[in-house]
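Q:
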Amino acid sequence: MLKLLLAGSVLIAPAFCYAKPQTLILKPQQVTLVQRASICTELRISCNSDATWQLYQVPNQPQRQYVIAELKLFELEKNAQSYQLRNYWDFSNYQPLTQNPHWTVDGPVAPEDLLDENGKFVRADALHLYPVLFPINDKDYSIALIQRWDEMYSGGGMTEEVADFLQLNSQGKYQQVFQNIPFSVSRMIRACFSEQDYAQSGEHCHDLEKLVLNIEYQQANTWRMKYHYVRTLSPSSDQLPMNQRKTYVLNANKADAIQFPRTWTEY
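Using my numbering, read the sequence shown as starting at 20 and increasing by one per residue.
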């Protein structure tokens with residue numbers, strides 16, 4: 020699970036204090052039937068039992084709430100049992116064509132391989148919005164649109180996520196601020212293949228890999244991206260264990276802004 024950190028220090032000058040804007044980790048909310056009906060009516064979204072939208076609250080701001088419904092983000096103001104729509108962003112037509120996995124497949128994915136004959140993005144079912152608002156300057160926030168890749172192995176599997184960060188502007192508009200950012204990785208690879216391997220390793224017959232990202236806001240349009248990559252091994256493995264950290268300063272919207280050491284992605 021992604022762990023989020025924010026540099027929360029206060030810069031003190033003789034005449035004023037300046038606190039960096041806070042990352043807002045949205046908190047899932049339970050809703051009553053009355054509240055649910057109010058939200059569905061206001062946002063014109065489904066209230067069927069299989070509807071997958073979720074209501075969130077901004078920390079320490081109970082009146083400021085959001086709904087994520089697939090690739091749509093609604094900003095609400097809560098008043099008693101009713102909700103008023105303040106802003107709305109629809110990312111359903113957004114195509115993250117520059118996103119590429121680092122672990123899941125060999126080599127970059129060509130943009131034309133992600134579009135069907137009608138030019139529609141074919142991996143839309145693997146996209147989701149991450150329920151965190153990341154500050155991009157003193158007043159504006161961005162949200163991560165995540166693309167997921169999954170692979171299944173014999174006795175193992177993998178999930179990798181890559182993000183584009185989209186700045187939320189007024190009147191439902193948005194703009195890309197960072198693209199193709201490695202977000203998370205979790206992989207399990209079978210390491211036992213013989214009776215001797217199983218006897219030697221017992222229940223520890225898999226190599227496990229994990230990539231965790233910490234994001235720190237530094238200043239307008241500048242983040243510090245802290246990655247922690249861990250590879251723990253089965254006693255039967257022929258690989259090398261790893262426990263490494265690497266930090267990048269992200270201040271430009273380039274698809275190749277994050278370049279990991281090859282030892283992280285090779286296996």
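Heads up, the beta-carbon is just placed ideally off N, CA and C, and yes, glycines get one too.
Would you kindly work out how many angstroms separate the C-alpha atoms of Q190 and N106, rounded to a whole number?
A: Against the sequence shown, residue 190 aligns to sequence position 171. Against the sequence shown, residue 106 aligns to sequence position 87. The alpha-carbon atoms of Q190 and N106 are separated by roughly 6 angstroms.
Q: Beta carbon of W168, beta carbon of P120: below 8 angstroms?
A: Taking the first residue of the sequence shown as position 1, residue 168 is located at position 149. Taking the first residue of the sequence shown as position 1, residue 120 is located at position 101. Cβ distance < 8 angstroms, so W168 and P120 count as in contact.
Q: Helix or strand or just coil, what does DSSP make of W72?
A: Here residue 72 refers to the residue found at position 53 when the sequence shown is read from its first residue. Three-state result, W72: coil.
Q: I need the straight-line Cα distance from F184 to V77, nearest angstrom please.
A: In the sequence shown, counting from the first residue as 1, residue 184 sits at position 165. In the sequence shown, counting from the first residue as 1, residue 77 sits at position 58. Rounded to whole angstroms, F184 to V77 spans 19 angstroms at the Cα level.
Q: Would you grab the beta carbon distance between N272 and F212 for me? Rounded to a whole angstrom, and I think it's under 8 angstroms.
A: Counting from one through the sequence shown, the residue named residue 272 turns up at place 253. Counting from one through the sequence shown, the residue named residue 212 turns up at place 193. In fact, because the Cβ distance is near 45 angstroms, the residues do not count as touching under 8 angstroms.
Q: Using only the alpha-carbon positions, how far apart do R206 and L92 sit?
A: Taking the sequence shown and counting its residues from 1, the one referred to as residue 206 is at position 187. Taking the sequence shown and counting its residues from 1, the one referred to as residue 92 is at position 73. So the alpha carbons of these two residues sit roughly 30 angstroms apart.
Q: What are the complete beta strand (DSSP E) segments, minimum 3 residues, inside the stretch 229-282?
A: Runs found: 241-251 and 261-269.
Q: If you draw a straight line from the C-alpha of A88 to the C-alpha of N67, how long is it?
A: Translated into the one-based positions of the sequence shown, residue 88 becomes position 69. Translated into the one-based positions of the sequence shown, residue 67 becomes position 48. Near 13 angstroms, if we compare the C-alpha coordinates of N67 and A88.
Q: T159 by DSSP, collapsed to three states: which one?
A: If you number the sequence shown from 1, residue 159 lands on position 140. Per the sequence presented here, residue 159 reads as Asp, with Thr not at that position. In this structure, D159 counts as coil in the three-state DSSP scheme.
Q: I need the straight-line Cα distance from C59 to K97, nearest angstrom please.
A: Indexing the sequence shown from 1 puts residue 59 at position 40. Indexing the sequence shown from 1 puts residue 97 at position 78. One C-alpha to the other measures close to 14 angstroms.
Q: What number of angstroms, rounded off, separates the C-alpha of A182 from the C-alpha of A163?
A: Indexing the sequence shown from 1 puts residue 182 at position 163. Indexing the sequence shown from 1 puts residue 163 at position 144. About 6 angstroms.
Q: Measure the C-alpha to C-alpha separation of W108 and L90 and round it to an integer number of angstroms.
A: The count along the sequence shown starts at 1 and reaches residue 108 at position 89. The count along the sequence shown starts at 1 and reaches residue 90 at position 71. Their Cα atoms are separated by approximately 9 angstroms.
Q: Can you grab the Cα-Cα spacing for the pair H225 / T251, in whole Å?
A: Numbered from 1 along the sequence shown, position 206 holds the residue referred to as residue 225. Numbered from 1 along the sequence shown, position 232 holds the residue referred to as residue 251. Their backbone Cα atoms lie some 9 angstroms apart in a straight line.
Q: Based on Cα-Cα distance, which residue from L232, N199 and A210 lies nearest to S173?
A: Taking the sequence shown and counting its residues from 1, one reaches residue 173 at position 154. The option with the nearest alpha carbon to S173 is A210.
Q: Please classify N188: is it buried, with 16 or more other beta-carbons within 10 angstroms of its beta-carbon, or exposed?
A: Position 169 of the sequence shown, counted from the first residue, corresponds to residue 188. Exposed, by the Cβ-count rule.
Q: When the distance is taken between beta carbons, is P254 closer than 8 angstroms to Q219?
A: Locating residue 219 in the sequence shown gives position 200, where the first residue counts as 1. Locating residue 254 in the sequence shown gives position 235, where the first residue counts as 1. Yes; because the gap between Cβ atoms is below 8 angstroms, this pair is in contact.
Q: With DSSP as the reference, identify every bridge partner of I64, one or two as the case may be.
A: Sequence index remark: in the sequence shown, residue 64 carries index 45 (1-based). DSSP lists no partner for I64.
Q: By the 10 Å Cβ neighbour count, where 16 or more other Cβ atoms means buried, how is S111 classified, buried or exposed?
A: Locating residue 111 in the sequence shown gives position 92, counting from the first residue. Under this definition S111 is an exposed residue.
Q: Going by the DSSP bridge assignment, what does R167 pair with across the sheet?
A: What you label residue 167 is simply residue 148 of the sequence shown in a count that begins at 1. E180.
Q: Under a CB-based cut-off of 8 angstroms, is T282 close to chain B?
A: The question asks about chain B, but that chain is absent: this structure has only one protein chain.
Q: Can you name the residues that DSSP bridges to E96?
A: Counting from 1 along the sequence shown, the entry for residue 96 is found at position 77. BP columns for E96 point to R83 and Q103.
Q: Along the chain, where does the alpha helix (DSSP H) that runs through S220 open and close?
A: The residue given as residue 220 occupies position 201 in the sequence shown. Looking at the DSSP string, the run of the alpha helix (DSSP H) that includes S220 is E214 to S220.
Q: Are there 16 or more other CB atoms within 10 angstroms of the CB of P154, so buried, or fewer, so exposed?
A: Working through the sequence shown from its first residue, we reach residue 154 at position 135. Buried, by the Cβ-count rule.
Q: Does the beta-carbon of S65 have 16 or more other beta-carbons within 10 angstroms, so that it is buried, or is it exposed?
A: Position 46 of the sequence shown, counted from the start, is the residue given in the question as residue 65. S65 is exposed by the Cβ-count criterion.
Q: Below 8 angstroms on the Cβ atoms is my guess for Y246 versus L230; work out the distance and round it to an integer in Å.
A: Residue 246 sits at position 227 when you count from the first residue of the sequence shown. Residue 230 sits at position 211 when you count from the first residue of the sequence shown. Contact holds; Cβ gap of about 6 angstroms.
Q: Indicate the three-state DSSP secondary structure (helix, strand or coil) for A88 in the structure shown.
A: Within the sequence shown, residue 88 is the residue found at index 69, counting from 1. Residue state, collapsed to three classes: strand.
Q: Verify whether the separation of the beta carbon atoms of Q54 and Q84 is less than 8 angstroms.
A: Numbered from its first residue, the sequence shown carries residue 54 at position 35. Numbered from its first residue, the sequence shown carries residue 84 at position 65. The answer is no: Cβ separation not under 8 angstroms.
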